[in-house]
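For this note's numbering, count along the sequence shown from 1 and bump the result up by 586.
Reading through the structure tokens given below for one structure.
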Amino acid sequence: MKVRWSRTLPAQPSSVTVIKDAAGRYFASFVLDTDPAADATRMPDTGQAVGIDLGVAHFAVLSDGTKIESPRFLRRAEKKLKKAQRELSRKQKGSKNREKARLKVARAHAKVADARHEFHHQLSTQLIRDNQAIGVEELAVNGLARTRLAKSVHDAGWSAFVHMLEYKAARYGRTLVKIGRFEPTSQTCSACGTKDGPKPLHVRQWTCTACGTLHDRDHNAAINVKTAAGLAASACGAPVRPGLVPAQRAETGRHGSPPETCAA
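As structure tokens, this is what we get:
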């Protein structure tokens, strides 16, 4: 069997597994031990931290303002996929022509999946290389996949991307913090911390009613993800979490009862 090596093996493998996918391609998967010290030299410490807001309009928006466009691999190949699927449906079941048509459909889908997989790998490696700590929001992908955005959600592949961030962060000594999906990152002003209420998806910019700051919806959410993950840096560069605001003297005690006074 002819072999096309994707990379050289860094060590002697302990086992190998050969698989065949639906498109008729063979892949060899090797199991081997890597040197953590060698991995550390490949990714030196950077001291940088970033928050990531994943979305549909843009695949990701970073807390530093960088916007990464969504490639929409499935959308771009949709016309070709439909044509191949129609040709398959016209073939007689059990015939050789149907098997040829099935392979054509499988290869078209494999091409889309491979392009998405490569995009996830390149972006996740770049983020891990450039940042010491990363904050990302846990998304309810199963719930979003039942809405009208289902095709765009599946096309983005957020779960696979976050999984790559997880194992690469563990391998190269980075910190990955996932915040809860119910954190109001899109509702909170990143400048003053005021919660301004929910907003429909078509609202891409909004002005804080408390401080008057004009926010880009996704950039503001990315900053809030970074803050909620505890990755916001102080003036000396140390990571800090938002501090607690002490209650006023008149607000202490039980609600509805007058404040107590101490006898001399």
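No residue lacks a Cβ here, since even glycine has one placed at the ideal position from N, Cα and C.
Computed from a predicted structure; not experimentally measured.
Separation of Ser745 and Cys797 (C-alpha to C-alpha, rounded to the nearest whole angstrom) is 36 Å. DSSP lists Ser615 as the bridge partner or partners of Thr603. When the beta-carbon positions are compared, Phe659 and Arg611 stay at least 9 Å from each other. Its Cα nearest to that of Arg715, the residue Ala626 stands out among Ala726, Arg590 and Ala626. Membership of Val763 in the beta strand (DSSP E) is indicated by the continuous run Thr761 to Ile765. In the three-state reduction of the DSSP assignment, Leu648 falls in the strand class, which pools E and B. Distance check between Lys690 and each of Ser710, Lys666 and Lys679 places Lys666 closest, using alpha-carbon atoms only. Boundaries for Lys653: no alpha helix (DSSP H) harbours it, while the beta strand (DSSP E) harbouring it runs Lys653 to Glu655, taken from the DSSP string.
Val647 is positioned such that its CB atom lies no closer than 9 Å to that of Ala742. About 6 Å separates the beta carbons of Arg767 and Leu725, which is inside the 8 Å limit, making them a contact pair. Taking a 10 Å sphere around the C-beta of Asp639, we find 16 or more other C-beta atoms and assign the residue as buried.
Counting only the Cα atoms, Ala614 lies some 33 Å from Asp631. Counting along the chain, Asp782 sits inside no beta strand (DSSP E), nor does DSSP assign it H or E at all. Along the length of the region 649–700, whole alpha helix (DSSP H) runs at least 4 residues long occupy 659–675, reported in chain order. When Ala635, Ile809 and Ala692 are compared, the shortest CA-CA separation from Lys668 is found for Ala692. Annotation: Trp744 is outside any beta strand (DSSP E); the continuous alpha helix (DSSP H) that includes it extends over Trp744 to Tyr758. Distance from the CA atom of Ala608 to the CA atom of Lys697, rounded to whole angstroms, is 12 Å. Between Val727 and the set Met629, Gly721 and Ser738, the nearest pair of CA atoms involves Ser738.
Non-local C-beta neighbours of Ser601 in its own chain, meaning closer than 8 Å and more than five positions away in sequence, comprise Phe616 and Val617, ordered along the chain.
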